[in-house]
Amino acid sequence: MLHKHFIKMNHTEEARYSITYDGISKEGDRSCNEDSTLVVRQEEDYFFMVADGLGGHGNGNVASRTVVDSIEEYITKEKPHISSEDETECFAQIVRQAQDALMNKKATGEFGDMMTTLVLLHIGEDICWCHVGDSRLYCFRKGRLVSQTLDHSVPQILVMAEEITQEEVRHHPDRNRLLRAMGKEWDRGDEFVVEAPIPIEADMAFLLCTDGFWEHILEQQMEQCLMEAEDVTVWLDRMSEIVKKNGEDYNMDNYSAIAVWIKQE
């Protein structure tokens, strides 16, 4: 779907980094793909996003596309320059206006109770991300997984209560029961999580993906594919092969992912 390359100078002007990315979005065994993916560039800021429309609520494809298109429109129109000082608040504004756009479309009565997940990654002067629902972001350094987002779901609560393991989330009977999503009414102010900015470093990699992708591949397999891949496309292709093979007997959901590599030149 995507494959771009650019050279970026970090804010100290002492190092140059190449950033490459690639992505996929497949229907799986479903008749309609309700996932949406998008990459937006605004000068030296890059935004990567993956959204998964909730099929059980209807018009999931409209919900996910509304959210990513709204984010693209906001970035293009407002041209936010995101720095570490205001990154959290800027992210909050981006996500809130996308939520408003989705709620306004729902208010017309034409699209029912549509909802979607969202994971959004920004790479600019530094790196930051946020998510809502159970689409995930994985962060790797030097080939090793160092952090991942925690799902806003019932099984994730069970993991935190030490009643099940993180791996058992993948096929838990309540895995699709989300506690937060774009398109739900928001009233508490903590409906999405913005991670604190981190500096750009060499040999970093990111994977943004829907649950239809991560439920069929273990984190150890992501690492193994990363260590053996010569470029970001090969990494994504090898992971996708595992996802497709492991999902053959599961009436596969839509599965989408964007993979990003950062290398020092």
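This note's numbering puts the first residue of the sequence shown at -2, with every later residue one more than the last.
Quick reminder that beta carbons are idealized off the backbone N, C-alpha and C, glycines included.
Quick caveat: nothing in here was measured; it's all calculated off a predicted structure.
Asked	Found
Considering only residues of the same chain and omitting the five flanking positions on each side of I91, which have a CB-CB separation below 8 Å?	I68, Y71, I72, P77, L117
Using 10 angstroms around the beta-carbon of C206, count the other beta-carbons present and answer buried if the total reaches 16, otherwise exposed.	buried
Give the straight-line distance between the Cα atoms of F45 and T34, rounded to the nearest whole angstrom.	8 Å
Measure the alpha-carbon distance for L215 versus V65 and round it to whole angstroms.	27 Å
Of all the options K23, E160, M100, which has the alpha carbon lying nearest to the alpha carbon of K181?	M100
Using C-beta distances below 6 Å, list every residue in its chain close to V156, excluding the 5 sequence neighbours before and after it, in chain order.	Q163
So V156 is in the alpha helix (DSSP H); what residue range does that whole segment cover?	151 to 157
In the DSSP assignment, the alpha helix (DSSP H) including W211 goes from what residue to what residue?	208 to 211
Starting from Y135 and walking both ways along the beta strand (DSSP E), at which residues does that stretch end?	133 to 138
In terms of DSSP beta bridges, what is T113 paired with?	G50, M179
Quick check on the burial criterion: 16 or more other C-beta atoms within 10 angstroms. Buried or exposed for S237?	buried
Quick one: measure Cβ to Cβ for L51 and A254, integer angstroms, because I've assumed they're closer than 8 Å.	Between A254 and L51 the Cβ distance is about 18 Å, and since that is not below 8 Å, they are no contact.
Mapping the DSSP letters down to three states, classify C222 as helix, strand or coil.	helix
Could you spell out where the beta strand (DSSP E) holding K76 opens and where it closes?	Per DSSP, K76 belongs to no beta strand (DSSP E) and is neither H nor E.
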